[in-house]
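Protein chains: 2
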Amino acid sequence: MSLVVQKYGGTSVGDAGKIKNVASRIAKRRAQGDDLVVVVSAMGKSTDQLISLAREISEQPAARELDVLLSTGEIVSSTLMVMALHEMGVEAISLSGAQAGFRTDAVHGKARILAIDPKRVHQELEQGRVVIVAGFQGITEEMDITTLGRGGSDTTAVAMAAALEAKTCEIYTDVDGIYTTDPRVEPKARKLDEISYEEMLELASVGAKIMHPRAVEVGAVYDIPILVASSFKEVPGTLIHGGVGMEQFKKVRGIAQDLDVAKLTVRGVPDRPGIAASIFEPLAEAHLSVDTIVQNASAEQLTDLTFTVSRSDLPKSLPIVEGVAKEIGAGEVVADDRLGKVSIVGTGMQSAPGYASRMFRALYDAGINIEMISTSEIRITCIIHESRVEDAVRTLHQAFELERAEPSELSAAEE
Amino acid sequence: MSLVVQKYGGTSVGDAGKIKNVASRIAKRRAQGDDLVVVVSAMGKSTDQLISLAREISEQPAARELDVLLSTGEIVSSTLMVMALHEMGVEAISLSGAQAGFRTDAVHGKARILAIDPKRVHQELEQGRVVIVAGFQGITEEMDITTLGRGGSDTTAVAMAAALEAKTCEIYTDVDGIYTTDPRVEPKARKLDEISYEEMLELASVGAKIMHPRAVEVGAVYDIPILVASSFKEVPGTLIHGGVGMEQFKKVRGIAQDLDVAKLTVRGVPDRPGIAASIFEPLAEAHLSVDTIVQNASAEQLTDLTFTVSRSDLPKSLPIVEGVAKEIGAGEVVADDRLGKVSIVGTGMQSAPGYASRMFRALYDAGINIEMISTSEIRITCIIHESRVEDAVRTLHQAFELERAEPSELSAAEE
Chain H
29 MSLVVQKYGG
39 TSVGDAGKIK
49 NVASRIAKRR
59 AQGDDLVVVV
69 SAMGKSTDQL
79 ISLAREISEQ
89 PAARELDVLL
99 STGEIVSSTL
109 MVMALHEMGV
119 EAISLSGAQA
129 GFRTDAVHGK
139 ARILAIDPKR
149 VHQELEQGRV
159 VIVAGFQGIT
169 EEMDITTLGR
179 GGSDTTAVAM
189 AAALEAKTCE
199 IYTDVDGIYT
209 TDPRVEPKAR
219 KLDEISYEEM
229 LELASVGAKI
239 MHPRAVEVGA
249 VYDIPILVAS
259 SFKEVPGTLI
269 HGGVGMEQFK
279 KVRGIAQDLD
289 VAKLTVRGVP
299 DRPGIAASIF
309 EPLAEAHLSV
319 DTIVQNASAE
329 QLTDLTFTVS
339 RSDLPKSLPI
349 VEGVAKEIGA
359 GEVVADDRLG
369 KVSIVGTGMQ
379 SAPGYASRMF
389 RALYDAGINI
399 EMISTSEIRI
409 TCIIHESRVE
419 DAVRTLHQAF
429 ELERAEPSEL
439 SAAEE
Chain W
29 MSLVVQKYGG
39 TSVGDAGKIK
49 NVASRIAKRR
59 AQGDDLVVVV
69 SAMGKSTDQL
79 ISLAREISEQ
89 PAARELDVLL
99 STGEIVSSTL
109 MVMALHEMGV
119 EAISLSGAQA
129 GFRTDAVHGK
139 ARILAIDPKR
149 VHQELEQGRV
159 VIVAGFQGIT
169 EEMDITTLGR
179 GGSDTTAVAM
189 AAALEAKTCE
199 IYTDVDGIYT
209 TDPRVEPKAR
219 KLDEISYEEM
229 LELASVGAKI
239 MHPRAVEVGA
249 VYDIPILVAS
259 SFKEVPGTLI
269 HGGVGMEQFK
279 KVRGIAQDLD
289 VAKLTVRGVP
299 DRPGIAASIF
309 EPLAEAHLSV
319 DTIVQNASAE
329 QLTDLTFTVS
339 RSDLPKSLPI
349 VEGVAKEIGA
359 GEVVADDRLG
369 KVSIVGTGMQ
379 SAPGYASRMF
389 RALYDAGINI
399 EMISTSEIRI
409 TCIIHESRVE
419 DAVRTLHQAF
429 ELERAEPSEL
439 SAAEE
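Heads up: the protein sequence lines correspond to chains H and W, in order. Residues in the first sequence are numbered consecutively from 29, following the working numbering. Residues in the second sequence are numbered consecutively from 29, following the working numbering.
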């Protein structure tokens, strides 16, 4: 008998029928003998409904109050899940984030978990109960409710698995697992049996929306294997864990895309020390995240500085950058918000050269112009026009033969 | 500057517009300089909606889980009220029942307040904030959420006023105050300026649905003046307090009615000691409340025992009573669920005889048959056919001249 943490997302608990469906899956698993802690999200669109209600009253509701308001969504679904389990004769109890021991900092709306004290969870497990935990929330030292922000319930689940030293953390969602790329863009996309934390992080942070990077990071730090699988279908999912990549046959594991990209270019920047800081510091102070940065040397001690921000941040970023450009005696500022990113991701790439050139060649052959390039240890990203992003995904999926199963996946004995 | 506790009911905070309306009343009051603690109920029908959601999943949801589920309703309205106050530039903060210090027993669904630790409330008041408290809820020693059951938010408000030694507790609702009787039945019903706790208790417990007796009891014990007034109109309400009745001119203060009455008669009960206990003990064990009890001696050492229960309890009560009747060798059990109650209430009655006979005479003159009679120190109740209850109310309102203002209310100087 081992301890397993599961998490079911908002779509999986969207109405009474779906909650009953999840409850019967939990009951079946419980009957197999595992101890279960189950993290639930708020039902379907209920978080959005609570936000609209708040917006009817205030354009900018106080973060503390919004957190208290939103935390009720997960509380509601946790109690309903327990009721459904009781109907099936399964002993169960709901715990709020606070009751489950999630202590966080006081940064409302995007609190970080400081510590987990799972005493109550252990007590309830010892009583033979399935413990249903309201995701996405915690409590400060001052006993104020916080929410963990985007990807919060995934983080709740993985962090709880770490605190309980669970065997595995299972994330049930509305997709079957992690694919080589978005199957809606490339129908030949193939589901991966396993992927490393690092690869998952790169895929997620450049736009694969299945799991929030935070939760994957926590999994990586505490070495918790995370299974991503469907809450509707009985098919195998994808296991995110640390042991992948040692014997990898295929170096490129997946293709990610992201359409939330805007580019700013400051022309004629004087080429002297401290100039970059004077541009990026005011943006950081305004909580605007800068992504890729490229500097192109130009004539007469002047340089062009180009960087990307998310599209929603462009309207705030532009006047700040224009102000700075004027101060430092630079030229005009040009903005373009019709860009996108396409990335190839794979742990194997770091030790095998030639992936970048193969990528650029494939895009060139498809007539796709590359505006900017950025790379990490296990990722190469090209910024291109938004209209070509889907073409690029299909082109690269084919170029790197991702539709073909890897030898290690065909037969584990061959490894 | 003094401290005032206010409470706004579900109808008063039924939607975003109504919440804003209440917020502007709070803001106005705050501008006058009073420190304010405001208890809110759940929005309109939201508690009913949460109950339906639970019923979609379970016919008999566990009381602990239902409490956690229902407590979210008041949390939601408390945060929205704070957001609305912020929009008006008023410093405010929401506190759950637990945060406001409400410690209760663990009887889920109808928990009793054991103690209130208002430390956090005091801290927030010292910061100059209006404190919005989620009504109807508390927390056990084990840190489990409880709800206070019917009339819970009224009780929250009055108990909080007692714990804070507030000057007054103001209950804002969808009626203008306490009337001599239901104005929908008797258009000549008159709003009372003041009423004693005891009179209010008798009016409330026999069917005036404005305030739950629990809350009035707490007010009486801690001597907290309670103002009942409209949350929509700017008109004076009714003050419930302890100083009334000393110099009362009019002895009957109000007429109450109740249609939720069913009668059970056990015929031919052997007239020996212990018989009553053998009938009522099984009902108590089944949590069925018995109200008025009348025993009529009859021929041959046999007696007829008649008592009333609420209509909703009749289907459960009947088979129990029939079982007992058989066991003790009594005769048939006759049930009648088409009854109602009409009561006259007034502190002055206890020291002035003749009220009962005046009541019986007035009903007789109106051709209304009395089935049963029950009395307390300050109340006389007649049980009559349900079809005559409204006639009875009008008849008694006129007989005791309740439409006329009392001298003490016309001019305070005359007292």
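We put the CB at the ideal spot given by N, CA and C, even for glycine.
Notebook entry, point to check: Out of curiosity, what's the CA-to-CA distance linking W/Tyr-250 and W/Ala-190?
Noted result: 6 Å
Check: At what residues does the alpha helix (DSSP H) containing W/Leu-113 begin and finish?
Finding: 91-115
Margin query: So with CB distances below 9 Å, who are the chain W contacts of H/Arg-110?
Written below: The sequence given here places Val at residue 110 of chain H; Arg does not occur at that position. Going along chain W in sequence order, the residues near H/Val-110 (Cβ under 9 Å) are Pro-89, Ala-90, Arg-92, Glu-93 and Val-96.
Next item on the list: Select from W/Ile-252, W/Arg-242, W/Arg-148 and W/Ala-420 the residue whose C-alpha is nearest the C-alpha of W/Ile-141.
Entry: W/Arg-242
Next item on the list: Please list the partners that H/Leu-81 has in chain W, where partner means a Cβ-to-Cβ separation under 8 Å.
Entry: Ala-44, Val-104 and Leu-108
Checklist line | Beta carbon proximity, H/Met-274 to chain W, threshold 7 Å | finding: At H/Met-274 the pLDDT is 47, less than 50, meaning the model places this residue with poor confidence; the figure from the coordinates comes in the next sentence. Not closer than 7 Å to any Cβ of chain W, the Cβ of H/Met-274 fails to qualify, so no.
Next item on the list: Taking C-beta pairs closer than 7 Å, name the residues in chain W that H/Gln-127 reaches, listed in chain order.
Entry: Met-171
Notebook entry, point to check: How many angstroms separate the CA atom of W/Lys-138 from the CA atom of H/Asp-341?
Noted result: 50 Å
Checklist line | Proximal residues to H/Leu-330 (C-beta, below 7 Å), its chain only, five neighbours per side dropped | finding: Gly-296, Val-297, Pro-298 and Asp-299
Margin query: Quick check: the Cα distance between W/Gly-259 and H/Gln-77, rounded to an integer number of angstroms?
Written below: According to the sequence shown, residue 259 of chain W is Ser rather than Gly. About 27 Å.
Next item on the list: Return helix, strand or coil for H/Gln-312, following the three-state DSSP convention.
Entry: Before going further, note that residue 312 of chain H is Ala rather than Gln in the sequence given. DSSP places H/Ala-312 in helix when its eight states are reduced to three.
Next item on the list: Take W/Glu-169 as the anchor and find which of W/Ser-181, W/Glu-154, W/Phe-130 and W/Gln-155 has the nearest alpha-carbon.
Entry: W/Phe-130
Notebook entry, point to check: Quick one, which of H/Asp-43, H/Arg-416 and H/Val-135 has its alpha-carbon nearest H/Val-370's?
Noted result: H/Arg-416
Check: What does W/Thr-100 reach in chain H if we use C-beta pairs closer than 7 Å?
Finding: Thr-100, Ile-103 and Val-104
Item checked: Run of the alpha helix (DSSP H) containing H/Tyr-36, from where it starts to where it stops -> First-last for H/Tyr-36: 31-36, but that is the beta strand (DSSP E), not the alpha helix (DSSP H).
Checklist line | Endpoints, beta strand (DSSP E) assigned at H/Leu-426 | finding: The sequence shown places Gln at residue 426 of chain H, not Leu. Segment 417-427 is the alpha helix (DSSP H) holding H/Gln-426; no beta strand (DSSP E) there.
Notebook entry, point to check: Would DSSP call H/Asp-332 helix, strand or coil?
Noted result: strand
Check: What does W/Lys-48 reach in chain H if we use C-beta pairs closer than 7 Å?
Finding: Ile-85
Check: How about W/Ile-372 and W/Val-280: do their beta carbons lie closer than 7 Å?
Finding: yes
Item checked: Within-7 Å CB hit, H/Ser-122 to chain W -> yes
Checklist line | Residue-level contact to chain W via CB, H/Thr-39, 7 Å cutoff | finding: no
Next item on the list: Check whether the Cβ of H/His-136 lies closer than 7 Å to any Cβ atom in chain W.
Entry: no
Notebook entry, point to check: Nearest CA to the CA of W/Ser-11: which residue from W/Gly-368, W/Glu-154 and W/Glu-309?
Noted result: Absent from the structure is residue 11 of chain W, since the part of chain W shown begins at 29 and ends at 443.
Notebook entry, point to check: For a contact meaning CB atoms closer than 8 Å, what does W/Glu-115 contact in chain B?
Noted result: Included in the structure are the protein chains H and W, with no chain B among them.
Notebook entry, point to check: Is it buried or exposed for H/Asp-43, if we count other Cβ within 10 angstroms and need 16 for buried?
Noted result: exposed
Notebook entry, point to check: Got a sec? Which residues, its chain only, sit under 6 Å from W/Ala-112 by beta carbon, not counting five neighbours each side?
Noted result: Ile-47, Lys-48 and Ala-51
Checklist line | Beta bridge counterpart(s) of W/Arg-131 as assigned by DSSP | finding: W/Ala-143 and W/Ile-167
Item checked: Per DSSP, cross-strand counterpart(s) of H/Glu-222 -> H/Leu-267
Item checked: Within-7 Å CB hit, H/Gln-34 to chain W -> no
Item checked: Backbone secondary structure at W/Arg-57 - three-state DSSP -> helix
Next item on the list: With a threshold of 16 other CB atoms inside 10 Å of the CB of W/Asp-145, please say whether the residue is buried or exposed.
Entry: exposed
Item checked: Which listed residue (H/Ile-103, H/Leu-391 and H/Leu-94) has its alpha carbon closest to that of H/Ser-69 -> H/Ile-103
Check: Is it true that the region 381-391 of chain W meets the region 417-424 of chain W, where meeting means three or more beta-carbon pairs spaced less than 8 Å apart?
Finding: yes
Margin query: Which residues does DSSP list as the beta-bridge partners of H/Tyr-200?
Written below: H/Tyr-36 and H/Ala-257
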